[in-house]
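Colleague: Numbering (numbering that gives the first Met the number 0), first residue to last: 0 to 172.
Got a structure here, written out as structure tokens. Questions coming.
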Amino acid sequence: MKELILVNGPMGVGKTSACTELFRLLSPSVFLDGDWCWNMSPFVVNDETRAMVLDNIVHLLNNFLHCSACRYIIFCWVMHAQTIVDDILHGLDLADARVTLFTLTASPQALAARLSDDIACGRRSPGILPRSMERLPLYADMPSVKIDVSSITAAEAALRMANLAGRNGGFNI
Numbered sequence: 000m001k002e003l004i005l006v007n008g009p010m011g012v013g014k015t016s017a018c019t020e021l022f023r024l025l026s027p028s029v030f031l032d033g034d035w036c037w038n039m040s041p042f043v044v045n046d047e048t049r050a051m052v053l054d055n056i057v058h059l060l061n062n063f064l065h066c067s068a069c070r071y072i073i074f075c076w077v078m079h080a081q082t083i084v085d086d087i088l089h090g091l092d093l094a095d096a097r098v099t100l101f102t103l104t105a106s107p108q109a110l111a112a113r114l115s116d117d118i119a120c121g122r123r124s125p126g127i128l129p130r131s132m133e134r135l136p137l138y139a140d141m142p143s144v145k146i147d148v149s150s151i152t153a154a155e156a157a158l159r160m161a162n163l164a165g166r167n168g169g170f171n172i
């Protein structure tokens, strides 16, 4: 059985870092960051590009689900509304897959500190801080396994996910 591991959370919480570590822990695995499907310059957000990105994500995830070389499919993205998760899942062939949704969350102070560090280093623009903080509360009621990363490393978050997804029953959506 395949294990599709979805990881969401606000911008800057550490999804990519934690999933990179998770990718190292689980084998055979593949890792897709949703941002890679939307890496365009200039960054344009409209109905057309949203539909294109969703189609890209679903296409890639289905290919991974159908590939015999992949057991663990790890996907992270800013999925701040259940409808985003549902739209992705609706397009997938999940006949031989179990889905686990993790939400990485942090205290507002910890998230602001992470984003401020990224802004100071030039990795993110200042506008990211208010957008990410606005979305933080949206994850509280999502049906997912919550992992507070306020005071843990990406490696520790990955280890928690690895221990829960597919190993101890996980949380299926």
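Backbone N, C-alpha and C define an ideal beta-carbon position, used for all residues, glycine too.
Quick caveat: nothing in here was measured; it's all calculated off a predicted structure.
Mark Thr82 as exposed unless 16 or more other C-beta atoms lie within 10 angstroms of its C-beta, in which case mark it buried.
Modeller: Locating residue 82 in the sequence shown gives position 83, where the first residue counts as 1. Thr82 is exposed by the Cβ-count criterion.
Colleague: Using only the alpha-carbon positions, how far apart do Ala156 and Gly126 sit?
Modeller: For the purposes of this step, residue 156 is taken as residue 157 along the sequence shown, with counting starting at 1. For the purposes of this step, residue 126 is taken as residue 127 along the sequence shown, with counting starting at 1. Cα to Cα, the separation comes out at about 26 Å.
Colleague: Taking the alpha-carbon of Leu91 as reference, which of Ser124, Asn38, Ile56 and Ser67 has the nearest alpha-carbon?
Modeller: Stepping through the sequence shown from its first residue, residue 91 is reached at position 92. Leu91 has its Cα closest to that of Ile56, out of Ser124, Asn38, Ile56 and Ser67.
Colleague: Enumerate in chain order the residues of its own chain whose CB-to-CB distance from Pro107 is below 7 Å, with the five nearest sequence positions on each side excluded.
Modeller: Residue 107 sits at position 108 when you count from the first residue of the sequence shown. Answer for Pro107: Met132 and Leu135, listed in chain order.
Colleague: Would you mind reading off the limits of the alpha helix (DSSP H) that contains Arg97?
Modeller: Along the sequence shown, read from residue 1 onward, the residue named residue 97 stands at position 98. From DSSP, Arg97 is part of no alpha helix (DSSP H) but of the beta strand (DSSP E) over Ala96 to Thr104.
Colleague: Label Asn171 either buried or exposed according to how many other C-beta atoms from any shown protein chain fall within 10 Å of its C-beta, with 16 as the threshold for buried.
Modeller: Your numbering for residue 171 matches position 172 in the sequence shown. With a pLDDT of 43 at Asn171, under the threshold of 50, the predicted position of this residue should be treated as unreliable, though the coordinate-derived value follows. Exposed is the call here.
Colleague: Does Glu20 pass the burial test, meaning 16 or more other C-beta atoms within 10 Å, or should it be called exposed?
Modeller: What you label residue 20 is simply residue 21 of the sequence shown in a count that begins at 1. That one is buried.
Colleague: Answer with buried or exposed for Lys14, where buried requires no fewer than 16 other C-beta atoms within 10 angstroms of its C-beta.
Modeller: Within the sequence shown, the letter at position 15 stands for residue 14. Counting Cβ neighbours within 10 Å, Lys14 comes out buried, since at least 16 surround it.
Colleague: Just how far apart, CA to CA, sit Thr152 and Ala105?
Modeller: Counting from 1 along the sequence shown, the entry for residue 152 is found at position 153. Counting from 1 along the sequence shown, the entry for residue 105 is found at position 106. Between Thr152 and Ala105, the C-alpha separation is close to 12 Å.
Colleague: From the DSSP secondary-structure annotation, give me the bridge partner or partners of Lys1.
Modeller: For the purposes of this step, residue 1 is taken as the residue at position 2 of the sequence shown. The partner list for Lys1 (beta bridge, DSSP) reads Ala96.
Colleague: Looking at the structure shown, is Met160 part of a helix, part of a strand, or coil, going by DSSP?
Modeller: Counting from one through the sequence shown, the residue named residue 160 turns up at place 161. Three-state result, Met160: helix.
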